[in-house]
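Colleague: The sequence shown lines up with residues 45 to 614 when you count with my numbering.
No residue lacks a Cβ here, since even glycine has one placed at the ideal position from N, Cα and C.
Dumping the structure here so I can ask a few things about it.
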Amino acid sequence: MADKIKGKGVIAGIAVGSILLAGQNLDGYLVNYKPGKLDTEKKKAADALVKVADALRKSIDDFNEKGLKEQAGILEAHRMMVEDPAMSGLIEEKIDASKSAPKAVLDAYETQAQVFEAMEDEYFRGRAVDMRDVGKRIAKYLLGIKEPEIAGKVIVAGKEIEPSVIAGLPTDKIAGVILGAGSTTAHAVIIAKTRAIPTVVGVGSGIDQMADGDPAILDGETGEILIRPSEAERKSYDKKIKKQEELKAHYAELKTLPAKTTDGVEVDLVANIGSPADVDAANDFGAQGVGLFRSEFVFMGKTDVPKEEDQFKEYKAAVEKCNGNLCVIRTMDIGGDKPLPYIQVDEEENPFLGYRAIRISLKRKDLFLPQLKAILRAGVYGKAAIMFPMVINVQEFLAAKEMVEEAKMELVHEGKDYADNVQVGIMVETPAAAVMAPILAKYVDFFSIGTNDLVQYTLAVDRGNAQISYLYNHFNPAVLRLIKRTIESANKEGKWAGMCGEMASDPNAAVLLMAMGIKELSMSAPSIPRVKERIRNITSAKAKEILDTVMEMEDGDKIKEYLSTLTPKN
Ligand code: PEP
Ligand code: MG
């Protein structure tokens, strides 16, 4: 009989493989390390930074050559953390204190990790793991520790999983991921999501029951994990595995087909991304472009504001990878709950209602203009769009639009090429924007409905509070009315409306949204096939009939239930 462990399934699918434990304790090595003189240790640390950055560069090239772009992207971020001049200064200070180069490196990156960990936003907290990971990589080099060889398919497991462990393995070797922590926005989970690797989180001390090389089975839907399963237990999963393979093959067939109803109504299915590397994975799932590039990710993991030139490179890469399809770049949604070390935001009682997103951009021209210039320049290499987050009124949009014009003027003066036809739109993620949609629609080129925030602000339900998550429902009639109003307002003015909140990845929601007249649905790429499947198997008349029924209903839970009874089972 196997050891059974239960966690929270976050990425569906069955994984069979042997456990590979992430996270190596270096304490023993540190005790045995014999430091030299202070200057020698400083020189060793400086050399290690150069050597590790070189090794990372080589791995990045290897991954790029093999088309493993997201791994390359993560290692690229790590390389920047290694080469960050502020870190070498901090390491020297730590050597003065600890006298040992590897210890100082670990301390320096730990200090920086704690800055991230103190942040309220879960995603940013997750970046602490990257910092520690980089510190460990350099310390291991200084301590002369080699990486283990890996054979066969593995299930990567760890209380925290260092991104480099996943980034360091070819995707086809990773069968599954088990995370002790509960985070669904840890980098490891984000990579798993873009590649649809079955994943279970929140197993806590369950990790202690596993050893390297243990055979294991993981169910990313139920959250069940079997360690050292018997032959009979393994066999009991055969049927599920077979079904999974069939579904995968079926979804692969859908890749190049349009998301079109049987009577010809088509919706663009596009991807939400955080880096250019994500576009490659998105293309694998048949994405027709990018509906939301969360540009704040470009600002993270750095000690200073990324320069226009650095941002331009990132946006250009994403735009190019979209192969002529639209790439919607959201200007930075920073502040309040997502602070950055180099952007001063005072402590706030209600960060979600505070100084954030477009509010910061409009006050900080020094940050906003370079970003706008970078996007406009990237537009030359394909089709880019600019999208402003958290807009609540026409004035904000007009002020931001004026900045776009100013950015263009500067580019003219500087003699830099830019695209003059970049669309400029807004996220509709505040009730105010949805209520004012008929007016806003006159000014913008497009709307993209951000239900993650729209639901929380409309219902006064914190999107991250588990205790009240039963109230957080995108089918709540109040939310549905705001969404319908937004889409209809756009269409009336001849503009397009899309959606980039999580609701867009719900196939039942897609039916309603299509009937409301939505033109684009943007989601994490692995959700694209199932949404497409749903749209391809319905007529627009039937969708309209379902919408009419739903709009008559008064209870969000009942709407959810009703829609689930209509879902074709596969
Ligand atoms: C949203 O609010 O729906 C959205 C897509 O933005 P974020 O999740 O980044 O707040
Ligand atoms: Mg939002």
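Looking at the strands, I want to know which residues DSSP matches up with G395.
Modeller: What sits at residue 395 in the sequence shown is Pro, not Gly. In DSSP, P395 forms no bridge with anything.
Colleague: Whose beta carbon lies closer than 6 Å to any heavy atom of the ligand PEP, going through the chain in order?
Modeller: For the ligand PEP, the selected residues are L336, R338, D377, E473, G494, T495, N496, D497, C544 and G545.
Colleague: According to the Cβ coordinates, are D128 and T347 closer than 8 Å?
Modeller: The answer is yes: Cβ separation under 8 Å.
Colleague: Per DSSP, which residues does D312 bridge with? Please list them.
Modeller: Per DSSP, E564.
Colleague: Going by the C-beta, is P395 closer than 7 Å to any heavy atom of the ligand MG?
Modeller: Every heavy atom of the ligand MG is 7 Å or more from the Cβ of P395, so no.
Colleague: How long is the line joining the alpha carbons of D177 and I579, rounded to whole angstroms?
Modeller: Roughly 42 Å separates the two Cα atoms.
Colleague: In three-state terms, what does DSSP make of V126?
Modeller: In the structure shown, V126 sits in a helix (DSSP, three-state: H, G or I).
Colleague: Would you kindly work out how many angstroms separate the C-alpha atoms of K365 and D599, rounded to a whole number?
Modeller: When rounded, the distance between both Cα atoms is 43 Å.
Colleague: List in chain order: all unbroken beta strand (DSSP E) runs of 3+ residues lying wholly within the segment 223 to 293.
Modeller: Runs found: 243 to 245, 259 to 263 and 268 to 271.
Colleague: Kindly confirm or deny that the segment 477 to 487 and the segment 525 to 537 touch, where touching means at least three C-beta pairs closer than 8 Å.
Modeller: The segment 477 to 487 is in contact with the segment 525 to 537.
Colleague: Cβ atoms of I205 and L223: under 8 Å apart, would you say?
Modeller: Yes, they are a contact pair.
Colleague: Give me the Cα-Cα distance between F412 and P395, rounded to the nearest whole angstrom.
Modeller: Roughly 20 Å between the two C-alpha positions.
Colleague: Mind listing, in chain order, the continuous alpha helix (DSSP H) runs of no fewer than 4 residues lying wholly within the segment 498 to 552?
Modeller: Those alpha helix (DSSP H) runs which fall completely within the segment 498 to 552 and span 4+ residues are 521 to 536.
Colleague: I need the boundaries of the alpha helix (DSSP H) containing S608, first residue and last residue.
Modeller: Start and end: G600 to L610.
Colleague: How far does the alpha helix (DSSP H) with G72 in it reach, from first residue to last?
Modeller: Per DSSP, G72 belongs to the alpha helix (DSSP H) from D71 to N76.
Colleague: Skipping 5 residues on each side, what residues in its chain have a beta carbon closer than 6 Å to that of A559?
Modeller: Closer than 6 Å at Cβ, skipping near neighbours: A587, K588 and L591.
Colleague: To the nearest angstrom, report how far apart A443 and K460 are at their CA atoms.
Modeller: In a straight line, the C-alpha of A443 is about 23 Å away from that of K460.
Colleague: In the structure shown, what three-state DSSP assignment does G368 receive?
Modeller: Three-state result, G368: coil.
Colleague: Under the assumption that F441 contacts V435 (Cβ atoms under 8 Å), give the Cβ distance between them as a whole number of angstroms.
Modeller: With 8 Å as the limit, F441 and V435 qualify as a contact, their Cβ atoms being about 6 Å apart.
Colleague: Do G61 and G220 have their beta-carbon atoms positioned less than 8 Å apart in this structure?
Modeller: Yes. Within cutoff.
Colleague: Within the same chain, show all residues whose beta-carbon is closer than 6 Å to that of S533, passing over the 5 residues directly before and after it, in chain order.
Modeller: Cβ within range, chain order: A481, P482 and A485.
Colleague: Go ahead and pull the three-state DSSP assignment for R408.
Modeller: Of the three classes helix, strand and coil, the one that applies to R408 here is coil, per DSSP.
Colleague: Could you check how far apart the C-beta atoms of A548 and L565 are, in whole angstroms? I think they sit under 8 Å.
Modeller: Yes, A548 and L565 are in contact; Cβ-Cβ is about 4 Å, under 8 Å.
Colleague: For P242, is the classification buried or exposed, using 16 other Cβ atoms within 10 angstroms of its Cβ as the cut-off for buried?
Modeller: Burial call: buried.
Colleague: Say yes only if the C-beta of P350 is nearer than 7 Å to one or more non-hydrogen atoms of the ligand MG, and no if none qualify.
Modeller: P350: no, Cβ never under 7 Å from the ligand MG.
Colleague: Nearest by alpha-carbon distance to E289: which of A56, A97 and A463 is it?
Modeller: Nearest option by C-alpha distance: A56.
Colleague: For K399 and R374, what's the separation of their Cα atoms in angstroms?
Modeller: Inspection of the sequence shows that residue 399 is occupied by Tyr rather than by Lys. Cα to Cα, Y399 sits roughly 17 Å from R374.
Colleague: Taking 7 Å as the cut-off, is the C-beta of P475 nearer than that to any heavy atom in the ligand MG?
Modeller: No, the Cβ of P475 stays beyond 7 Å of every heavy atom of the ligand MG.
Colleague: Could you check which residue in D252, D83 and N369 has the C-alpha nearest to that of A66?
Modeller: With distances taken between Cα atoms, A66 lies closest to D252.
Colleague: So, for V472: in the same chain, excluding its five sequence neighbours on each side, which residues have a beta-carbon less than 6 Å away from its beta-carbon?
Modeller: Only A478, F491, I493 and T530 meet the Cβ criterion.
Colleague: List the residues that DSSP assigns as beta-bridge partners of K304.
Modeller: Note: K304 sits in a beta bridge opposite E310.
Colleague: Pull the bridge partners of K52 from the DSSP assignment, please.
Modeller: DSSP output for K52 lists V245 as bridge partner(s).
Colleague: Report yes if the CB atom of A463 is closer than 8 Å to the CB atom of V424, and no otherwise.
Modeller: Cβ distance < 8 Å, so A463 and V424 count as in contact.
Colleague: Drop a sphere of 10 angstroms on the beta-carbon of S568, count the other beta-carbons inside from all chains shown, and report buried for 16 or more, exposed for fewer.
Modeller: S568 comes out buried.
Colleague: Rounded to whole angstroms, what's the CA-CA distance from N520 to M543? Just pull it up for me.
Modeller: Straight-line Cα distance between these residues: approximately 16 Å.
Colleague: Considering only the alpha carbon of each residue, which of V311, A325, K409 and L384 lies closest to E352?
Modeller: Selected option, being the one with the closest Cα: K409.
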